[in-house]
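Using our numbering, read the sequence shown as starting at 13 and increasing by one per residue.
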Amino acid sequence: MSGTGLFISFEGIDGSGKSTQIARLAEHLRAAGRDVVVTREPGGSPGAEEIRALVLQGDPDRWSAETEILLFTAARRDHIERLIRPALAAGQIVLCDRFADSTRMYQGLSRGDLRQTVDALHDLMIGIEPDLTILIDMDPAEGLARAKGRNGAEERFEDFGTDLQTSMRAGFLALAEEFAPRFRVVNGAQDIDAVAADVARVIDAALAPA
Ligand code: ADP
Ligand code: TYD
C-alpha cells in the first residue's frame, strides 16, 4: 500500500523507548544515505497536532470511548493525507511513533471491548497498515517509571497505571501474532545502544534486496 517508500511504525507501552529508538534509527538510516521522515501519532500534521491536544490533555473523562476513537481516527486520516502518503509517494522512509495498532489497544481494550468498532472505522477511513511494525516489548513497571520521569501536560493514558499497561503489553504481543508478517518484536529491557542495534538489524534485513 505504500508506493515506493517504506512505512515503519513503532509500538509499545508508554515509556518503552519508542521516541528514543526512532531517533536512533533515523540517524542510522540517514548515515546509510536513506531519505527519512520522522513523525508521530496522534499528530504529525498541523490539523492532527490540534486534535492531539484535544485527546491528550484535560480530564480523562472528557470524551466517551467512542468519541475518542473518532478523534484518533480523524487525526490519523489527516496525517495520512497530508504527510504519510505524500512522503511514501516521494520514496521516503516514514518512521511513525504509534499508528493504528495503538488505537486497537488503547481505545479497543481499555474502556470495554471496542476492537470491532476500531477496526470497522479503520477499514472505512484509513485502510492502510505499515509495511513493518517494531514492537518494543518490556515490563510495564519499568516503562511507567521511565514515562513518569518525563514532565509534561500529556499524561492521560500514563495515568491509567500499571494494570492497564500490563494488559496493553499482553495485547500488543497478541497483535504481533495476529499481524505476524509485519511485526518484529524487540526486547526493550536492554540499554539504549543494545535496543538500537537490534532495531537496526531488523530494519537492515527488511531493506536488504531479496
Ligand atoms: P516512549 O516514546 O516509548 O514513551 P521514550 O523514548 O520517550 O519512550 O523513553 C522514555 C524515557 O526512558 C526517556 O527518558 C528515555 O531517555 C528513557 N529511555 C529510553 N530507552 C531507554 C533504555 N533502553 N534504557 C533506559 N532508559 C531509556
Ligand atoms: P505517545 O506520545 O506515543 O506517548 P508515550 O511517549 O508516552 O508512549 O502517545 C500519547 C498517548 O496517546 C499514549 O498514552 C497512547 C495514546 N494513544 C491512544 O490512546 N490511541 C492512539 O491511537 C494513539 C496513536 C495514541
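Yeah, the Cβ is synthetic: ideal placement off N, Cα and C, and Gly gets one too.
Need the endpoints of the beta strand (DSSP E) that residue i sits in, please.
| i | result |
| --- | --- |
| THR145 | 144–149 |
| ARG196 | 195–199 |
How about residue i: is its Cβ closer than 7 Å to a heavy atom in ligand 1?
| i | result |
| --- | --- |
| ARG158 | yes |
| THR174 | no |
| GLN202 | yes |
| VAL211 | no |
| VAL198 | no |
Would you mind reading off the limits of the alpha helix (DSSP H) that contains residue i?
| i | result |
| --- | --- |
| ARG52 | Segment 48–52 is the beta strand (DSSP E) holding ARG52; no alpha helix (DSSP H) there. |
| ARG36 | 30–43 |
| ARG127 | 127–137 |
| ARG88 | 77–91 |
| ARG116 | 112–121 |
| PRO98 | 97–101 |
| PHE184 | 173–190 |
Is residue i near ligand 2, with its Cβ less than 7 Å from a heavy atom?
| i | result |
| --- | --- |
| LEU121 | no |
| SER114 | yes |
| ALA52 | In the sequence as presented, Ala is not what sits at residue 52; that position holds Arg. Answer for ARG52: yes, Cβ within range of ligand 2. |
Check the DSSP bridge columns for residue i and list the partner residues they point to.
| i | result |
| --- | --- |
| LEU107 | ILE20, VAL50 |
| VAL211 | VAL211 is not bridged to any residue. |
For chain B, find out if any of its Cβ atoms is closer than 8 Å to the Cβ of residue i; answer yes or no.
| i | result |
| --- | --- |
| THR79 | Looking at the structure shown, chain B is missing, and only one protein chain is on hand. |
Assuming residue i contacts residue j (C-beta within less than 8 Å), just tell me the rounded distance between them.
| i | j | result |
| --- | --- | --- |
| GLY56 | HIS91 | 4 Å |
| ILE105 | LEU41 | 6 Å |
| ASP143 | GLU53 | The pair is not a contact, with the Cβ atoms about 16 Å apart (cut-off 8 Å). |
| GLY27 | PHE184 | At roughly 13 Å, the Cβ-Cβ gap does not stay under 8 Å, so GLY27 and PHE184 are not in contact. |
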